[in-house]
């Protein structure tokens, strides 16, 4: 699924769970855990997305019902935990509401309890609300109130309502939709038993009602959830919960003894009506709260509608009575006994002891991690060398930290995970660092320095995701991927960096520069980076940050069409990266950043038609420098492979031989694959390189099938490893498209390959509905199907309609995407050819075809395929005008000019030469009918056709066209008998060569029939009729001239 990270849902589901025993059969962590075999058979594409103390959550696909699911598996083998786990599922399954996460299935798989539930593609409300307006916050809580009312109607109280248990998704129009999750503490209101022990304190202190804080479970009902929902709305508006304290005990005490401070006293400017609603929810006496969640929701709707609300502000009399009652509450607190007082008193003792132990361990582990960071900084500064030995030293130190953390028990979790996160940050292992640091947060270790480190780790992941997103050619899909990276990594990175005030760092300017970079204030980021470099001259990260700022600004400039600005900014980025690499000669990450900048420079050279040799070599040199420092860097190998991919693609489009470049790229991708066998991106790179090699082989008449089979093997492996990898599905479809095109030219029915290609393209669209390439390529392959159907005399229009429909879906994403415009033009051109062949009027269809190609030309006037398509459309228009005795001269001239331009732009495409040769032959026939000398046109047609055959000696349509051309030349009155016989012999040889490569090419059969008829021998005449019969049977839509020739032969004595 797309959008925000769905693993946030998994984080939320178990955020409140207590530490439990780990199932021995499951392994020690979710990362190592494999779902039971029964679930692997039932669900596809299972992938770990989150882990909490109580459960592990996998994302999966239910093929039977065609939907994504979240599978939650219990980690504990304790019977009580199992009962609570299943109770949660039963409670949540009973609530059927649009704003409650649905439970699809509950059961046991191979003895392990599991819940299959709706996969919510969003983030928790505590992360989503900073982006919301006040009105949006109120609307979200109103919808949550409606969901809770449905639970209450069924006799269930949630008892742990808080922002972390409310997931929020964002629609395309910017609206928010909440989902209530985690009914782990839900309890039937009418039940006095259940999974929760009587008088146990359940819930989250900051959102508990007073009766919850007192541990009196017999008093908990729907109004308990109303209180918690009011506390949630209070936090959304005020930026803090109603009660804050140094620890859980102090918060619980305030909840029991004190009235919540007025919302207006915390956040000024809050509308009076809204404050009244919130404070009514937060009344300590349940009878003075809203009677139900529905009543609360109704009042929130009245506020949104500008109508008077029903809640009233507390009277002065009641306020005085409540203050007097407060003294009685003090006595109540003292008398709670073991259920509260002893528990909280024990918390004081434990908190003090734990704080002391944690502080000591934090100091010790802090020293260790400082050693790691300084050690690696020194190693990175040494002359370029393999850094693996130093990395082994660091990993050994991190393993020691893990052992010490485990020995310390729970008290060591916060400092330990923080130290491990910092260590992995120094190793540039951002995802591992992120997980460790988030575990530190989960353990309550939330110091400013943890915020800082987590901001760096999330920022590193953001840069990695950006790097991947920029490989997507389709603009809409690329932007969608970038938005996902921003929501999942950039936005939380910014929040953590802003929370890192008070952290002791080498340069505050460096932090400010990072914030500016992620906020896309690139000039400010560069200025802060330079200031950081002045403050801390040894901080090579500051120079890299300056390079990052210039690089991102360059991307923005070049993508908006300001190529010269982009080139200038990339030059500045390269300068900054080179300065950083001079300071950190053995830090592969810096060299990789330089390589990526050179890759962008390389693309600019290619797009602008400049020589790309220097930028290509510079990109390779930077990749080699990275690999010298870290020979195991898969990302450096990917960048090197992409440089070869860009150049090989360019050579293919320019009609040059791309095989040496692409074969080098394949070797590089395979090197990455050996280092990371589960690297789907490398498989995709290998598959693309083989597909491009196959396209070149097809152009020059070699058999492309072996290369295409290698490509499909790589794509299949990529999708096995990463079933949601959109590019691999799309690229696999394109390889099958190339195969179908080859099969069509060889007389093999391409429709099975076409069907397989369409399946892949549709799968790509399923994985990412914004990926326009899947729709465009679907149209392309369906136009091949239509062309094949036309060549065997079938109606191609149903295939054309499907192609046009695919283009229409793509146009909803980007109506000005050049490949899609061309593919629509080619598809409808086949319909126009069918209309012309059947004697219908093709003009309306041709107008649409030419409009598509013209829209493409308006975007890029130097695309050979566009001029080719426009020329072919003008050719059909000219044929129709000839058939209807109208003047075709302008259409002929326009077609000739377009096809000549296409031939200039692509010197190695034989199909362009075929179309130009056929057009010139049509012009020659017209000249002959008008009594004009056609020899010059026939000479030109023969030259063009033979030029195409020099490119591809196995091109059946070119041989067939040459055979017909030689038949035309043999009919000339000025040809002597010897020359005539020679041309007839050459023509028959050309026809036979065409049929050797494609035995089902009807035009070759027809040309052979005409040539045999011209030899004027009795036996030849009989054979001529047979060949013409066979041609017309193969394709009843052949040009009328062949039907007329057959009729003349049959009438002859």
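Numbering (the numbering used here), first residue to last: 1166 to 2218. Every residue gets a Cβ at the ideal spot worked out from N, C-alpha and C, and that includes glycine.
- Nearest to residue 1861 (by Cα), restricted to the options 2182, 1903, 1887, 1829: 1903
- Message: Assuming residue 1642 and residue 1937 are in contact, meaning their beta carbons sit under 8 Å apart, how far apart are those beta carbons, in whole angstroms?
- Response: 6 Å
- For residue 1780, does the count of other Cβ atoms within 10 angstroms reach 16, so buried, or fall short, so exposed? buried
- Query: Where do the N-terminal and C-terminal ends of the alpha helix (DSSP H) with residue 1771 fall, by residue?
  - Reply: 1753–1772
- Message: Measuring alpha carbon to alpha carbon, tell me which residue in 1740, 1705, 2130 is nearest residue 1762.
- Response: Answer by Cα proximity: 1740.
- Just the Cα atoms here: how many angstroms apart are residue 2148 and residue 1808? In this structure, the alpha-carbon of residue 2148 lies about 49 Å from that of residue 1808.
- When you compare each of 2008, 1251, 1987 to residue 2022 by their alpha carbons, which one comes out closest? Minimum Cα-Cα distance from residue 2022 among the listed residues 2008, 1251, 1987 corresponds to 1987.
- Item | Neighbourhood of residue 1911 by C-beta, 7 Å cutoff - its chain only, sequence neighbours within 5 removed | 2162, 2163
- Query: Which of helix, strand or coil does DSSP assign to residue 1237?
  - Reply: strand
- Message: Going by C-alpha to C-alpha distance, which of 2049, 2029, 1261 sits closest to residue 2069?
- Response: 2029
- Message: Please report the distance separating the alpha-carbon of residue 1617 from that of residue 1403.
- Response: Their backbone Cα atoms lie some 24 Å apart in a straight line.
- Option in 1622, 1751, 1735, 1231 with minimal Cα separation from residue 1766: For residue 1766, the nearest C-alpha among the options comes from 1735.
- Message: DSSP has residue 1440 in a bridge; who is on the other side?
- Response: Residue 1440 pairs with nothing; no bridge assigned.
- Item | Residues that DSSP places opposite residue 1852 in a beta bridge | Answer is none; residue 1852 lacks a bridge partner.
- Item | Start-to-end residues for the alpha helix (DSSP H) that takes in residue 2296 | The shown model of the chain, from 1166 to 2218, leaves out residue 2296, and the question about it has no answer.
- Message: Just verifying my parser: in three-state terms, what is the DSSP assignment at residue 1608?
- Response: coil
- Task: With a 10 Å radius around its C-beta and 16 neighbouring C-beta atoms as the bar for buried, classify residue 1392 as buried or exposed.
- Result: buried
- Span of the beta strand (DSSP E) holding residue 1270? 1268–1274
- residue 1802 versus residue 1758 - alpha carbon distance: Near 13 Å, if we compare the C-alpha coordinates of residue 1758 and residue 1802.
- Query: Any C-beta of chain C sitting closer than 8 Å to the C-beta of residue 2067?
  - Reply: Within the model displayed, chain C is absent; a lone protein chain is all it includes.
- What are the uninterrupted segments assigned as alpha helix (DSSP H) that are 4 or more residues long and contained completely in the segment 1403–1440, given in chain order? For the segment 1403–1440, whole alpha helix (DSSP H) runs of length 4 or above, ordered along the chain, are 1413–1422, 1428–1431.
- Where does the unbroken alpha helix (DSSP H) through residue 1953 begin, and where does it stop? 1937–1956
- Query: Going by C-alpha distance, which of 1673, 1243, 2168, 1282 is nearest residue 1261?
  - Reply: With distances taken between Cα atoms, residue 1261 lies closest to 1282.
- Query: Any chance the segment 2114–2126 sits against the segment 2091–2098, with 3 or more Cβ pairs inside 8 Å?
  - Reply: no
- Item | Rounded Cβ spacing between residue 1424 and residue 1449 (contact assumed at less than 8 Å) | 6 Å
- Query: Alpha carbon to alpha carbon, what distance is there between residue 1287 and residue 1297?
  - Reply: 14 Å
- Query: Roughly how many whole angstroms lie between the Cα atoms of residue 1455 and residue 1388?
  - Reply: 7 Å
- I think residue 2186 touches residue 2217, with their Cβ atoms under 8 Å apart; what is that distance to the nearest whole Å? 7 Å
- When we look at the beta-carbon of residue 1746 and count the other beta-carbons within 10 Å, is it buried (16 or more) or exposed? With 16 or more Cβ atoms within 10 Å of its Cβ, residue 1746 is classed as buried.
- Item | Closer than 7 Å: residue 1228 CB and nearest the ligand FMN heavy atom | The ligand FMN is absent from the structure shown, which contains no ligands of any kind.
- Item | Minimum C-alpha distance to residue 1418 - residue among 2140, 1859, 1379 | The shortest CA-to-CA distance from residue 1418 to any of 2140, 1859, 1379 is the one to 1379.
- Task: Work out the CA separation of residue 1600 and residue 1992 for me, nearest whole Å.
- Result: 50 Å
- Message: With H, G and I counted as helix, E and B as strand and the rest as coil, what does DSSP make of residue 1470?
- Response: helix
- residue 2179: buried (16+ other C-beta within 10 angstroms of its C-beta) or exposed? buried
- Could you say which of 1764, 1222, 2085, 2075 lies nearest to residue 1818 if we only look at CA atoms? 2075
- Go through the segment 1834–1919 residue by residue and report every complete run of the alpha helix (DSSP H) that reaches 4 residues or more, in order. 1845–1864, 1870–1886, 1891–1910
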